[in-house]
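Each remark here refers to the structure printed beneath this line.
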Amino acid sequence: MSHRGPEILEALRREYPGVRGTELNYRTPLELLVATILSAQTTDKQVNKITPALFKKYPNVEAYADADPEELQEAISSVNFYRNKARYIQQSAQIILDTYHGKVPDSMEELVKLPGVSRKTANVVLSNIYGREEGVVVDTHVMRLSQRLGLTDHKNRDKIERDLMARFPREEWFALSNLLIAHGRQVCHARNPQCQHCVLRKHCPHYARVVLQKEKGA
DNA sequence: ATCCCGAGGG
DNA sequence: CCCTCTGGAT
């Protein structure tokens, strides 16, 4: 089972040589933290559409902390769960100001204390900004592909992350996250996975099942 | 109708 | 484990 790890990574690297990190647009740690909070159950494209104006209106931590809650909501109203997210961003900003001298913390332990930040968001910030691979970014794509590829039997995010961390060496965690996400977006879709174009077919139990189903149906 | 780089609460 | 939040694209 775990022997497929290196082959999967190698095939994905060949397929997506340009993949480096997040597709979210940002210039500072704070901007990435905010963009990542906004990206929950929302496409990166959708987030990138609103962040230029948002970052201009709220240029620093103080601006978010002092923001009028309704104005902040309005500024992000086109993304999903905007009321929760506005609250998370403002509360996180206040904590960063009070506890971390206005600087976005650079450890998993501190990041996950922020409201709206769990391991997934923390991993995005840590790996993209600070070059730290404390874990694997388990988003909806990584979750789905890990299950289809038989890299995990779990459906819980943290358990899937543990399985991936156990199967791949730490120095591959960042690349693995980004490659699985790229493949999920381009080929291994939630609804109609393009298995005919998939470079991981021969490693994929899900594909084997799909083929079997077809043969039986035909 | 279903999905998108989820998190918090029960 | 489950549910809610909740808008825009497909």
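According to the numbering used here, the first sequence holds residues 14 to 231 in order. Ideal Cβ positions, reconstructed from N, Cα and C, are used throughout, including at glycine. For clarity, every value in this text was computed on a predicted model and none was experimentally measured.
Return the residue from the list the options that minimises the CA-CA distance to residue i.
{"i": "Ala80", "options": "Ile63, Val60, Val130, Tyr101", "result": "Tyr101"}
{"i": "His24", "options": "Glu84, His114, Ala195", "result": "In the sequence as displayed, the identity of residue 24 is Ala instead of His. If we check each option's Cα against that of Ala24, Ala195 comes out closest."}
{"i": "Ala221", "options": "Leu162, Tyr29, Asn73", "result": "Leu162"}
{"i": "Glu84", "options": "Asn93, Pro206, Val74, Gln103", "result": "Gln103"}
{"i": "Lys203", "options": "Leu127, Pro82, Met156", "result": "Looking at the sequence shown, residue 203 is not Lys but Ala. Ranking the options by Cα distance to Ala203, first place goes to Met156."}
{"i": "Arg33", "options": "Leu193, Lys215, Gly148, His219", "result": "Leu193"}
{"i": "Asn93", "options": "Lys215, His210, Pro65, Val60", "result": "Val60"}
Identify, in the order they occur along the chain, each residue of the same chain with its Cβ nearer than 8 Å to the Cβ of residue i, setting aside the five sequence neighbours on each side.
{"i": "Gln86", "result": "Tyr95, Arg96, Ala99"}
If I follow the unbroken alpha helix (DSSP H) through residue i, where does it start and stop?
{"i": "Asp57", "result": "57-70"}
{"i": "Asp79", "result": "Looking at the DSSP string, Asp79 is not in any alpha helix (DSSP H), and its letter there is neither H nor E."}
{"i": "Thr153", "result": "153-161"}
{"i": "Glu146", "result": "Note, Glu146: premise wrong, no alpha helix (DSSP H); not H, not E."}
{"i": "Asp119", "result": "Run containing Asp119: none; DSSP gives neither H nor E here."}
{"i": "Lys172", "result": "170-180"}
Quick one: grab the DSSP three-state call for residue i.
{"i": "Tyr29", "result": "coil"}
{"i": "Gln86", "result": "helix"}
{"i": "Ser236", "result": "Absent from the model: residue 236. The displayed extent of the chain is 14 to 231, so no value can be given."}
{"i": "Pro42", "result": "helix"}
{"i": "Glu185", "result": "helix"}
{"i": "Leu213", "result": "coil"}
{"i": "Tyr208", "result": "A quick correction: the sequence has Cys, not Tyr, at residue 208. Of the three classes helix, strand and coil, the one that applies to Cys208 here is helix, per DSSP."}
{"i": "His167", "result": "coil"}
{"i": "Lys98", "result": "helix"}
{"i": "Ser105", "result": "helix"}
{"i": "Asp111", "result": "helix"}
{"i": "Pro19", "result": "helix"}
{"i": "Gly197", "result": "helix"}
Shorter than 6 Å, the distance from the beta carbon of residue i to the closest heavy atom of the ligand COA, or not?
{"i": "Leu192", "result": "With respect to the ligand COA, the structure shown offers nothing to examine, as it has no ligands at all."}
Within a Cβ cutoff of 6 Å, which residues of the same chain sit near residue i, ignoring the five residues on either side of it in sequence?
{"i": "Met14", "result": "Model confidence at Met14 stands at a pLDDT of 49, short of 50, so the residue's coordinates are unreliable and nothing is read from them."}
{"i": "Leu4", "result": "For residue 4 there is no data in the structure shown, the boundaries of the chain being 14 and 231."}
{"i": "Ala106", "result": "Val74, Tyr77, Ala78"}
Leaving out five residues before and five after residue i in sequence, what residues of the same chain have Cβ atoms less than 7 Å from its Cβ?
{"i": "Lys69", "result": "none"}
> Is there contact here, the segment 118-127 with the segment 27-40, by at least three beta-carbon pairs under 8 Å?
Replying inline: Short answer: they don't touch.
> Looking at C-beta atoms only, is the number of pairs between the segment 129-145 and the segment 183-194 that lie closer than 8 Å three or more?
Replying inline: The segment 129-145, when compared against the segment 183-194, does touch it at the 8 Å Cβ threshold.
> Are there three or more Cβ pairs, one per stretch, closer than 8 Å when the segment 132-141 is compared with the segment 45-55?
Replying inline: By the criterion of at least three beta-carbon pairs nearer than 8 Å, the segment 132-141 is in contact with the segment 45-55.
>> I'd like to know if the segment 106-114 and the segment 67-79 are in contact, where contact means that at least 3 CB-CB pairs between them fall below 8 Å.
In response: Touching, yes, given that three or more Cβ pairs across the two stretches are closer than 8 Å.
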